[in-house]
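Novice: Mind looking over this structure? Questions follow.
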Amino acid sequence: MAAASIMPPHTNPPPPATARDPTATVSDPQRHRDAPTPSLRALFLRAVDPSRPSSWSTAVADLLSSGDPVAALAAFAAALRANPAALRPALPPALRAAAAATSLSAGRQLHLLALRSGLFPSDAYSASALLHMYYHCSRPLDARRAFDEIPAPNPVIVTAMASGCVRNNLVYTALSIFRSMVASDSAGVVDEAAALVALSASARVPDRGITGGIHALVSKIGLDGHTGLANTMLDAYAKGGGHDLGAARKLFDMMERDVVSWNTMIALYAQNGLSTEALGLYSKMLIVGGGVRCNAVTLSAVLLACAHAGAIQAGKRIHNQVVRMGLEDNVYVGTSVVDMYSKCGKVEMAWKAFQKIKGKNILSWSAMIAGYGMHGYGQEALHVFTDMRKSGLKPNYITFISVLAACSHAGLLNEGRYWYNTMKTEFGIEPGVEHYGCMVDLLGHAGCLDEAYDLIKEMKAKPDAALWGALLSACRIYKNVELAKISAERLFELDATNSGYYVLLSNIYAEAGRWKDVERTRVLVKTRGIEKPPGYSSVELKGKIHLFYVGDKSHPQYKEIYAYLEKLLERIQEAGYVPNTGSVLHDLDVEERESMLRIHSEKLAVAFALMNSVQGSVIHVIKNLRVCTDCHAAIKIITKLTGREIIVRDIKRFHHFKDGLCSCGDYW
DNA sequence: CTAGGGTTAG
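Printed below as a string of structure tokens:
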């Protein structure tokens, strides 16, 4: 990229004065990014005096900061032709331009230039920029080699080394560089920049206590009070060893906060599934933010929390805020709105929001495809996919996960097969475990068990537990005990801790009347000490999230809920619901057997919502696992009996229950 | 008369 034009540094006539355009400016927003020529004309205007080397370096730097590194490199070449003395001031920004363009060839030529002119290794400015360039071009060894040439590297150069290491995933090296800076013991070596780099390294390392150590050091040298540093520290506490959100929050409460602090803390909660905390902190920001106003980033983070919790009322409130702030067409915010509505069961609203987004990127499209897909609207998802390709965007790995998942949820066997093959042949994307997962699911549900098994056998990537699990559940539908045994064996080699698979296998054996195998599975669960991840369901009522666990008695209204549910279950039994008395599952699951009423969380949540919501309103329930067969049957009849509409989001997809039927066609 | 560093959204 723009490599040939840089060398060599001999004198040439100055640039043509006729190139000046009195109306152009460097920051002209109309300037096209891919066309360096107008930029150069702007540059010549800026470079009023070619005899002043510094004016050239400013021009190179300006073009770089306006986002056109290629033009910056061209300007550097022009600068050298105009005045060889421009080399010294213009070389560092030129190196940064090569880094921004990730042009190793340009960078290497500049390195040579630096060597010939003697600027490297003696000039610290050029040296730090050179290291920066090599790290940005993913050449850590070249950077290291250059660093070893520098006789007395200053703290700026050392910090550049550490940050480059972080960038290239040499996190422990970065930390040891930081430690050596601390050990050098001369005042001022460890400054704000060095501490920031160390914290960014500590955020990527599983070891506990590193962030705390840096925190202590930062306080000791009096660097606390820097909000930027504290913001980075929040992230490091939450993402580094220990995932200590508590420590992050403690710091957050003490420090001086700007908008980034609030956004960071809210996003950390949202990303860790602590939706209530994220939403709570957002409210607090609005009330006690101390003049800090929320922005697009805040709203995206809060929308993520709403999406996770299925908090539609809160989600709508945030959406109103988005509209008030005129951010509906913002691609990041808009995509978050789409995701929120999809995951809150309002896919029509998602579609409306989707249409408002300006400059939709691949994530926006993928979110919409996934949204339709998880609601079982396979054709709609494929239509969006077609529109996306028409718009000129190329689908990627992620897009195809959404597309295949949509086919799988809607049972679109031929379409799924078609896109799976086309993805490989036409788009050159090698399918990963996620794609195989969708295909195994799709083929399995359609009864093509052998084809699904063959697919797993032929794949290049290592099959994961979810894949064998998908095949296993297909084996259950089609009562294929032999293939179930094979799947289970592979499964238990991979993931011996997820009890769901043991339950599934045990059920398959039970249904086939193979009680010895049932017993063997039961023993396996006991000896391996497997715990079931607690299943829970949640319901939003008046903007507050109510959580229910299996046999949960912690809710203040629990007595009324159980009484109501008991009556409801009686009524639906009269209407034809047969409770699943299959003892297999309960024998397997000690905790569940011993719990007072063995009532699944989704039934509790539904009962609670029926009791407390307005007649005629749609009930939304979120479940963290797959909805169980028994509850699925029960909820269907509940909708018939009560005339209510119930939407359940489980870990994989949505179930729209209405008039005794479910949108999944009992196929999930 | 320049240079080195970081965080948030998708």
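Throughout the first sequence, residue numbering follows full-length UniProt numbering, covering 1 to 668 in sequence. Backbone N, C-alpha and C define an ideal beta-carbon position, used for all residues, glycine too.
Count the other CB atoms, across all protein chains shown, that sit within 10 Å of the CB of Ala575; report buried if there are 16 or more and exposed otherwise.
Specialist: Position 575 of the first sequence, counting from 1, holds the residue named residue 575. Its Cβ having fewer than 16 others within 10 Å, Ala575 is exposed.
Novice: Measure the C-alpha to C-alpha separation of Val259 and Ser186 and round it to an integer number of angstroms.
Specialist: Position 259 of the first sequence, counted from the first residue, corresponds to residue 259. Position 186 of the first sequence, counted from the first residue, corresponds to residue 186. About 34 Å.
Novice: With respect to the alpha helix (DSSP H) encompassing Lys462, which residues constitute its N-terminal and C-terminal limits?
Specialist: Here residue 462 refers to the residue found at position 462 of the first sequence. Unbroken run through Lys462: none, as it is neither H nor E.
Novice: Would a C-beta distance cut-off of 9 Å place Trp515 and Leu491 closer than the cut-off?
Specialist: In the first sequence, counting from the first residue as 1, residue 515 sits at position 515. In the first sequence, counting from the first residue as 1, residue 491 sits at position 491. Going by C-beta atoms, Trp515 is not nearer than 9 Å to Leu491.
Novice: Nearest by alpha-carbon distance to Tyr667: which of Asp329, Ala446, Tyr562 is it?
Specialist: For this step, residue 667 is matched to residue 667 along the first sequence. Ranking the options by Cα distance to Tyr667, first place goes to Ala446.
Novice: Are there 16 or more other CB atoms within 10 angstroms of the CB of Ser391, so buried, or fewer, so exposed?
Specialist: Translated into the one-based positions of the first sequence, residue 391 becomes position 391. So Ser391 ends up on the exposed side.
Novice: Are Leu286 and Ala305 touching if we call contact CB-CB under 9 Å?
Specialist: Along the first sequence, one-based indexing puts residue 286 at 286. Along the first sequence, one-based indexing puts residue 305 at 305. The answer is no: Cβ separation not under 9 Å.
Novice: Please return the same chain residues whose Cβ sits closer than 6 Å to the Cβ of Asp517, not counting the five positions on each side in sequence.
Specialist: Taking the first residue of the first sequence as position 1, residue 517 is located at position 517. Excluding sequence neighbours, Asp517 sits near Tyr509.
Novice: Could you name the residues of the same chain whose beta carbon sits closer than 6 Å to that of Arg204, not counting the 5 residues immediately before and after it, in chain order?
Specialist: Translated into the one-based positions of the first sequence, residue 204 becomes position 204. Correct list, in chain order: Val171.
Novice: Quick one: is Asn231 buried, meaning 16 or more other Cβ sit within 10 Å of its Cβ, or exposed?
Specialist: On the first sequence, position 231 is the one that residue 231 refers to. Its Cβ being crowded by 16 or more others within 10 Å, Asn231 is buried.
Novice: If you count every other CB in all the chains shown that lies within 10 Å of the CB of Lys542, and 16 or more means buried, which is it?
Specialist: Taking the first sequence and counting its residues from 1, the one referred to as residue 542 is at position 542. By the 10 Å Cβ count, Lys542 comes out exposed.
Novice: If we ignore side chains and look at the alpha-carbon of each, how far apart do Arg139 and Ala160 end up?
Specialist: Locating residue 139 in the first sequence gives position 139, where the first residue counts as 1. Locating residue 160 in the first sequence gives position 160, where the first residue counts as 1. Taking the straight line joining both Cα atoms gives about 14 Å.
Novice: Would you tell me roughly how many angstroms separate the C-alpha atoms of Tyr564 and Ile638, rounded to the nearest one?
Specialist: The residue you call residue 564 lines up with position 564 of the first sequence. The residue you call residue 638 lines up with position 638 of the first sequence. Rounded to the nearest angstrom, the two C-alpha atoms are 13 Å apart.
Novice: Using only the alpha-carbon positions, how far apart do Pro431 and Cys344 sit?
Specialist: In the first sequence, counting from the first residue as 1, residue 431 sits at position 431. In the first sequence, counting from the first residue as 1, residue 344 sits at position 344. Answer to the nearest angstrom: the Cα atoms are 29 Å apart.
Novice: State yes or no: is the C-beta of Pro121 nearer than 8 Å to some heavy atom of the ligand GDP?
Specialist: Absence of the ligand GDP is noted for the structure shown, with no ligands found whatsoever.
Novice: Helix, strand or coil for Arg649 per DSSP?
Specialist: Position 649 of the first sequence, counted from the first residue, corresponds to residue 649. Arg649 falls in the strand class under three-state DSSP.
Novice: For Leu170, which of helix, strand or coil comes out of DSSP?
Specialist: Residue mapping note: residue 170 aligns to position 170 of the first sequence, counting from 1. Note: Leu170 maps to coil in three-state DSSP.
Novice: Quick check: what's the CA-CA separation for Tyr420 versus Val190?
Specialist: Taking the first sequence and counting its residues from 1, one reaches residue 420 at position 420. Taking the first sequence and counting its residues from 1, one reaches residue 190 at position 190. Looking at the two C-alpha atoms, the distance is approximately 53 Å.
Novice: Could you pull the start and end residues of the alpha helix (DSSP H) that Leu547 belongs to?
Specialist: Here the question's residue 547 lines up with position 547 in the first sequence. Here Leu547 belongs to no alpha helix (DSSP H); instead the beta strand (DSSP E) covers 544-549.
Novice: Enumerate in chain order the residues of its own chain whose CB-to-CB distance from Ile362 is below 7 Å, with the five nearest sequence positions on each side excluded.
Specialist: Along the first sequence, read from residue 1 onward, the residue named residue 362 stands at position 362. Excluding sequence neighbours, Ile362 sits near Leu393, Asn396, Thr399.
Novice: Assuming Phe608 and Gln573 are in contact, meaning their beta carbons sit under 8 Å apart, how far apart are those beta carbons, in whole angstroms?
Specialist: In the first sequence, counting from the first residue as 1, residue 608 sits at position 608. In the first sequence, counting from the first residue as 1, residue 573 sits at position 573. Going by Cβ atoms, the distance from Phe608 to Gln573 rounds to 20 Å, so no, they are not a contact pair.
Novice: Which term fits Ser366, buried or exposed, when burial requires 16 or more other beta carbons within 10 angstroms of its beta carbon?
Specialist: Taking the first sequence and counting its residues from 1, one reaches residue 366 at position 366. By the 10 Å Cβ count, Ser366 comes out buried.
Novice: Would you tell me roughly how many angstroms separate the C-alpha atoms of Tyr436 and Leu505, rounded to the nearest one?
Specialist: Counting from 1 along the first sequence, the entry for residue 436 is found at position 436. Counting from 1 along the first sequence, the entry for residue 505 is found at position 505. Each residue's alpha carbon lies about 21 Å from the other.
Novice: By the three-class DSSP mapping on this structure, what secondary structure does Cys407 have?
Specialist: In the first sequence, residue 407 corresponds to position 407, counting from 1. Of the three classes helix, strand and coil, the one that applies to Cys407 here is helix, per DSSP.
Novice: Give the range of the alpha helix (DSSP H) segment to which Leu641 is assigned.
Specialist: Within the first sequence, the letter at position 641 stands for residue 641. First-last of the alpha helix (DSSP H) with Leu641: 629-642.
Novice: Per the DSSP calculation, Lys623 is bridged to which residue(s)?
Specialist: Sequence index remark: in the first sequence, residue 623 carries index 623 (1-based). Answer is Ser537, bridged to Lys623.
Novice: With 16 other CB atoms within 10 Å as the buried threshold, where does Glu531 fall?
Specialist: Working through the first sequence from its first residue, we reach residue 531 at position 531. Counting Cβ neighbours within 10 Å, Glu531 comes out exposed, since fewer than 16 surround it.
Novice: Give me the Cα-Cα distance between Pro463 and Ile456, rounded to the nearest whole angstrom.
Specialist: Locating residue 463 in the first sequence gives position 463, where the first residue counts as 1. Locating residue 456 in the first sequence gives position 456, where the first residue counts as 1. Distance between the alpha carbons of Pro463 and Ile456: 7 Å.
Novice: Would you mind sorting Arg644 into buried or exposed? The rule is 16 or more other CB atoms within 10 Å of its CB.
Specialist: Start at 1 with the first residue of the first sequence, and residue 644 comes out as number 644. By the 10 Å Cβ count, Arg644 comes out buried.
Novice: Whole alpha helix (DSSP H) runs in the segment 330-365 with 4 or more residues, listed along the chain?
Specialist: Taking only runs of at least 4 residues, the alpha helix (DSSP H) segments lying wholly in the segment 330-365 are 331-343, 347-356.
Novice: Three-state secondary structure (DSSP) at Leu393?
Specialist: On the first sequence, position 393 is the one that residue 393 refers to. It is coil, neither helix nor strand.
Novice: Among Pro92, Ser65, His243, which has the Cα closest to the Cα of Ser54?
Specialist: Within the first sequence, residue 54 is the residue found at index 54, counting from 1. The shortest C-alpha separation from Ser54 is found at Pro92.
Novice: Spell out the partners DSSP gives Phe654 in its beta bridges.
Specialist: Mapped onto the first sequence, residue 654 falls at position 654. Its beta-bridge partners are Arg649.
Novice: According to the Cβ coordinates, are Leu95 and Ala129 closer than 9 Å?
Specialist: Here residue 95 refers to the residue found at position 95 of the first sequence. Here residue 129 refers to the residue found at position 129 of the first sequence. Yes, they are a contact pair.
Novice: Helix, strand or coil: how does DSSP classify Leu131 here?
Specialist: Position 131 of the first sequence, counted from the start, is the residue given in the question as residue 131. Here Leu131 sits in helix by DSSP.
Novice: Cys306 by DSSP, collapsed to three states: which one?
Specialist: For the purposes of this step, residue 306 is identified with residue 306 of the first sequence, where counting begins at 1. Note: Cys306 maps to helix in three-state DSSP.
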